[in-house]
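Data block below; observations after.
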Amino acid sequence: MTVSISITLDDELGEELNAAVAGSNRSALVAEAIRDYLDRRAVAAAAAWHASLTGEDAAAFADFNAAW
Numbered sequence: 092m093t094v095s096i097s098i099t100l101d102d103e104l105g106e107e108l109n110a111a112v113a114g115s116n117r118s119a120l121v122a123e124a125i126r127d128y129l130d131r132r133a134v135a136a137a138a139a140w141h142a143s144l145t146g147e148d149a150a151a152f153a154d155f156n157a158a159w
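If you count by my numbering, then the sequence shown holds residues 92 to 159, one letter each, in order.
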């Protein structure tokens, strides 16, 4: 699925974006930044969930991680 979004950048951010892409594809750079952000959120959520484990669940998770 393709989603179209419209954003308004302030002058400073717009200039930084233009400099970062150096004439290349701005959409691709923004898409990559969104993917990176979502990946970081997923990792943070997983870490929080792992930290919330207690009892047998925590022990099973620790055993699993010990193999790594």
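Where is the CB? At the ideal position from N, CA and C, for every residue including glycine.
Treat the numbers as computed from the prediction; the structure is a model and nothing was measured.
Within the model, the alpha-carbon separation for Val-134 versus Thr-93 is close to 24 Å. Secondary structure note for Ile-98: it is in no alpha helix (DSSP H), with a DSSP letter that is neither H nor E. In the DSSP annotation of this structure, the continuous segment of the alpha helix (DSSP H) that includes Gly-146 starts and ends at 146-157. For Ser-118, the uninterrupted alpha helix (DSSP H) run begins and ends at 117-143, by DSSP.
For Ala-113, the three-state secondary structure derived from DSSP is coil.
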